[in-house]
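In what follows, a structure is listed as structure tokens, so that the remarks can point back to it.
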Amino acid sequence: MILFGKKKVKPSQKAYAVVTGAGSGIGRSFAIELAKRGGSVVCADINLEAAEETVKLIEQLGQKAFAVQCDVGQAEQVQTLADQAEQLLDHPVTLIINNAGVGLGGKFDEMSLEDWKWCMHVNLWGVIHGCHAFVPKFKKLGYGAIINV
Numbered sequence: 041m042i043l044f045g046k047k048k049v050k051p052s053q054k055a056y057a058v059v060t061g062a063g064s065g066i067g068r069s070f071a072i073e074l075a076k077r078g079g080s081v082v083c084a085d086i087n088l089e090a091a092e093e094t095v096k097l098i099e100q101l102g103q104k105a106f107a108v109q110c111d112v113g114q115a116e117q118v119q120t121l122a123d124q125a126e127q128l129l130d131h132p133v134t135l136i137i138n139n140a141g142v143g144l145g146g147k148f149d150e151m152s153l154e155d156w157k158w159c160m161h162v163n164l165w166g167v168i169h170g171c172h173a174f175v176p177k178f179k180k181l182g183y184g185a186i187i188n189v
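According to the numbering used here, the stretch in the sequence shown is residues 41 to 189, in order.
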């Protein structure tokens with residue numbers, strides 16, 4: 041789906057990226073891989089210490105990275121992240137990876153509705169908040185990429 045424009049960003053171009061859920065797992069792997077390819081990364085996570093650990097790993101590769109605490113279930117925090125990322129990177133963001141997510145364990149009928157609401161708030165609304173915050177910036181820039189995990 042093309043939301044706007046038709047400018048293609050080559051995979052070899054340096055990314056100025058924001059990765060949510062970058063404190064561990066797939067998010068950490070995305071952030072490190074982007075850095076290995078020459079990108080600068082804002083590592084966002086609800087757990088600031090975990091995001092800071094990812095930043096240390098990226099800095100060992102000689103790349104710029106920044107840690108930001110963000111609860112993607114909160115639209116205001118994601119908008120602040122989008123605004124802050126441009127300042128930290130000293131460049132417009134060209135890639136957002138909406139990766140933050142949570143899971144529930146147990147039997148369906150034993151999980152509370154509150155647990156389900158929390159899961160959907162992060163896993164669904166977190167992606168929507170990310171797209172809502174970054175798409176206007178990409179439109180203004182004329183390009184940008186979104187990866188929803």
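From the three backbone atoms N, C-alpha and C, an ideal C-beta is built for every residue, glycine too.
- Cβ contact annotation for I137 (same chain, cutoff 6 Å, sequence separation greater than five): V59, F70 and I187, in chain order.
- If you look at D130, you'll find it isn't in any alpha helix (DSSP H); DSSP assigns it neither H nor E.
- If you draw a 10 Å sphere on the C-beta of H131, you find fewer than 16 other C-beta atoms in it, and that means exposed.
- Membership of A91 in the alpha helix (DSSP H) is indicated by the continuous run L88 to E99.
- With respect to the C-alpha of T134, the residue from G78, L121 and F178 having the closest C-alpha is F178.
- Burial state of Q127 is exposed, judged by a 10 Å Cβ sphere holding fewer than 16 other Cβ atoms.
- Separation of A91 and I168 (C-alpha to C-alpha, rounded to the nearest whole angstrom) is 22 Å.
- Residue environment for D123: exposed (fewer than 16 other C-beta atoms within 10 angstroms of its C-beta).
- Contact between the region 68-84 and the region 103-113 is present: 3 or more CB-CB pairs across the two stretches fall below 8 Å.
- Within 10 angstroms of the beta-carbon of G102 lie fewer than 16 other beta-carbons, which makes it exposed.
- Residue pairing of D85 in beta bridges, as defined by DSSP: Q109.
- With a cutoff of 9 Å on beta-carbon distance, H161 and Q119 are scored as not near each other.
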